[in-house]
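The next block holds one structure in the form of structure tokens; read it before the comments.
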Amino acid sequence: MDIAIMGAGLSGLACAITLEKNGINPTIFEKRSKVGDRFVNGEVILSIFDKPVHDNIEKLSEEYGIYLKPTSNIQKMELISKNEKAVIEGDLGFANVRGREQDSFESQLEQQTQSTIHYNSEETYEELLSHYSHVVVATGDGDYAKMTRNFREDLTVTIRGATIEGSFDRYVVKAWLDYDIAPFGYCYFIPYSDHEANISLAIPDLPENADINLDRLWDLFYEKVRSEFEQDIRITDQFQITHYPIGICQTARIGNTFYVGNCFGTTMPFMGFGQYASILSGVFAAYDLCGLGKYEELMKPLRESYEDSLVLRRTMEQLSNKGLDRIIHSLQGYWGEKLFQTNTINPLKVASFLLRPYIKMKR
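Numbered according to the working numbering, the sequence shown terminates at residue 1818, and the numbering increases by one at each position without gaps.
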């Protein structure tokens, strides 16, 4: 068995690490000049999106042998709508860095990988398929899955982000659900450290958003951030992603090709999270290759999570700022913390189940 992994991101490297633990050394092909060679941004892993798992980093370490060091453990989350604010406290998850940084998750996984990585690779999927018995497609988007007619695109999003400098609490993240600054979307503040953080604005490419002025929205958001922190905040780096597709594969494995990470569909439509699912997809593809399970079966819970997240995304598209205010108001105090801290149920799955008939009726 000769295995090629196309892409050295989270899912591709997690697959390689797991294969190596089982005595198989794949060959990795990466089109960029090094691992994580892209813009720097902050991301989070929140346990509420992966219930009943409470500590994702511990789970990856203890059960899968994947070792990651986040920049912080999140102790407080502030959810801000147009007129309301909810503060949730507790062990909520983890913040981390992605991209062109030595402590990014990609770089940490690379340090745990022994397999050969060919950088600046121009090999196509077809070429790898002709030379290797199995190909793991981990290219970071759904393009190859689309090419093989194996991808259902549900929406596209446009994202603008920046690295900012100031004085921050690294254990606090913030999210804005305010359609005046992000129509049908959301904004984030995620700290890298006490002095550096990422802010980002994401909006779905809906017909209702066709005529928006992204520059104007970004200026409004930037002023919101400055007002929130009551300090002069300096932008040191910026990035923008236009019309990024979010969707899911019809089939996780076709023949001897495995679709993992965003090529499978691990970016969740609701709020854009997906790192944990991306890593698991790489691990599960390796399990199948090692005869330790069936990839399609192992991915069923992640597929269900995606579909649940899509229902919540469609719900957001039918809300107004008044509706968001009501939701954020209801999350203040006891019920908000209960929702985020419960270990017995998956609250987002329950919400999706209750909303699904209504969303089907409206679509």
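Glycine is no exception: its CB is placed at the ideal position from the N, C-alpha and C atoms.
Option nearest residue i by Cα separation, candidates the options
i, options, result
"Arg-1689", "Ser-1622, Ala-1806, Thr-1721 and Glu-1581", "Ser-1622"
"Glu-1556", "Gly-1491, Thr-1797 and Asn-1664", "Gly-1491"
"Glu-1518", "Ser-1785, Leu-1786, Phe-1739 and Gln-1773", "Phe-1739"
"Glu-1751", "Asp-1635, Asn-1711 and Asp-1763", "Asn-1711"
"Gln-1563", "Tyr-1761, Glu-1678 and Ile-1734", "Ile-1734"
"Gly-1778", "Thr-1603, Glu-1581 and Asp-1633", "Asp-1633"
"Glu-1651", "Thr-1603, Arg-1625, Lys-1489 and Tyr-1643", "Arg-1625"
"Asn-1477", "Asn-1776, Gly-1788, Leu-1765 and Cys-1745", "Cys-1745"
"Tyr-1647", "Glu-1620, Glu-1663 and Tyr-1522", "Glu-1620"
"Leu-1661", "Ile-1701, Ile-1500, Lys-1629 and Asp-1649", "Ile-1701"
"Pro-1756", "Tyr-1731, Gln-1530, Leu-1767 and Tyr-1677", "Tyr-1731"
"Asp-1558", "Met-1602, Glu-1533, Val-1680 and Leu-1523", "Leu-1523"
"Leu-1675", "Gly-1788, Lys-1537 and Gln-1773", "Lys-1537"
"Glu-1608", "Asp-1780, Leu-1765, Ser-1785 and Leu-1810", "Leu-1765"
"Thr-1706", "Ser-1527, Thr-1579, Thr-1603 and Ala-1471", "Thr-1603"
"Arg-1781", "Asp-1598, Lys-1540 and Ser-1736", "Lys-1540"
"Phe-1560", "Ser-1527, Glu-1582 and Arg-1671", "Ser-1527"
"Ser-1807", "Ile-1783, Met-1771, Thr-1797 and His-1784", "Met-1771"
"Asp-1596", "Met-1754, Tyr-1699 and Gly-1788", "Tyr-1699"
"Ile-1645", "Ala-1637, Leu-1656 and Pro-1638", "Leu-1656"
"Glu-1578", "Ser-1516, Met-1461 and Glu-1565", "Met-1461"
For residue j and residue i, believed in contact at Cβ under 8 angstroms, the rounded distance
i, j, result
"Asn-1496", "Phe-1694", "7 angstroms"
"Ile-1667", "Gly-1640", "That pair is no contact at about 10 angstroms."
"Trp-1631", "Ile-1535", "5 angstroms"
"Ala-1593", "Ser-1488", "That belief does not hold up - the Cβ atoms of Ala-1593 and Ser-1488 are roughly 17 angstroms apart, past 8 angstroms."
"Asn-1776", "Asp-1649", "That pair is no contact at about 33 angstroms."
"Ile-1503", "Leu-1803", "7 angstroms"
"Ala-1440", "Tyr-1587", "Residue 1440 is absent from the structure shown; the chain starts at 1456 and stops at 1818."
Residues bridged to residue i [DSSP beta-bridge criterion]
i, result
"Arg-1615", "Leu-1656 and Gln-1695"
"Phe-1484", "Met-1461 and His-1573"
"Val-1627", "Lys-1531"
"Thr-1712", "Val-1590 and Ile-1709"
"Lys-1540", "Ile-1535"
"Asn-1551", "Glu-1498"
"Cys-1642", "Trp-1631 and Leu-1656"
"Ile-1703", "Arg-1607"
"Ile-1636", "Ile-1636 pairs with nothing; no bridge assigned."
"Ile-1690", "Ile-1619"
"Glu-1651", "Glu-1620"
Extent of the continuous beta strand (DSSP E) to which residue i belongs
i, result
"Ala-1600", "No beta strand (DSSP E) holds Ala-1600; the alpha helix (DSSP H) holding it covers 1598-1602."
"Glu-1498", "1496-1501"
Cβ neighbours of residue i in the same chain (closer than 7 angstroms, five flanking residues each side left out)
i, result
"Ser-1576", "Phe-1484, Glu-1485 and Lys-1486"
"Pro-1525", "Ile-1512, Phe-1549, Ala-1550 and Asn-1551"
"Cys-1704", "Ala-1600, Asn-1605, Phe-1606, Tyr-1714, Phe-1719 and Gly-1720"
"Ile-1529", "Val-1499, Leu-1547, Gly-1548, Phe-1549, Ala-1550, Tyr-1626 and Val-1628"
"Gln-1787", "Ala-1541"
"Ser-1516", "Tyr-1522"
"Phe-1684", "Gly-1621"
"Glu-1678", "none"
Same chain, Cβ closer than 6 angstroms to residue i, five either side skipped, listed in chain order
i, result
"Ala-1617", "Ile-1654, Ile-1690 and Gln-1693"
"Thr-1822", "The displayed coordinates of the chain run from 1456 to 1818. Any statement about residue 1822 would go beyond what the structure contains."
"Asn-1742", "Reading off the sequence, residue 1742 comes out as Tyr, not Asn. Here the set comprises Gly-1748."
"Thr-1571", "Thr-1482"
"Leu-1584", "Val-1590"
"Asn-1801", "Lys-1506"
"Ile-1472", "Gln-1567 and Thr-1568"
"Met-1532", "Ile-1543, Leu-1547 and Val-1628"
"His-1573", "Phe-1484"
"Leu-1753", "Phe-1739"
"Ala-1463", "Ile-1483, Glu-1485, Val-1490 and Ile-1572"
"Arg-1493", "Gly-1554"
Residue i - containing alpha helix (DSSP H), residue span
i, result
"Glu-1752", "1750-1753"
"Gly-1595", "Neither: Gly-1595 is in no alpha helix (DSSP H) and is coded neither H nor E."
"Tyr-1731", "1730-1744"
"Tyr-1519", "1511-1519"
"Tyr-1677", "1669-1684"
"Phe-1560", "1560-1566"
"Ile-1782", "1776-1785"
8 angstroms CB neighbourhood of residue i in its chain, flanking five on each side removed
i, result
"Met-1816", "Reliability of the predicted coordinates at Met-1816 is poor, the pLDDT of 39 falling under 50, and the value obtained from them is presented with this limitation in mind. Closer than 8 angstroms at the Cβ level, and outside the excluded window around Met-1816, lies no residue."
"Arg-1818", "Any reading at Arg-1818 must be qualified, since the residue scores a pLDDT of 43, below 50, and its modelled position is unreliable; the value itself is stated next. Same-chain partners within the cutoff: Arg-1769."
"Ser-1682", "none"
"Arg-1510", "The displayed chain sequence assigns Asp, not Arg, to residue 1510. Same-chain partners within the cutoff: Ser-1502 and Asp-1546."
"Pro-1724", "Asp-1609, Leu-1610, Ile-1701, Tyr-1761, Ser-1764, Leu-1765, Leu-1767 and Arg-1768"
"Gly-1520", "Ile-1472, Thr-1473 and Lys-1476"
"Ile-1709", "Thr-1603 and Asn-1605"
"Gly-1729", "Asn-1717, Thr-1721, Thr-1722 and Met-1723"
"Gln-1686", "Gly-1621 and Ser-1622"
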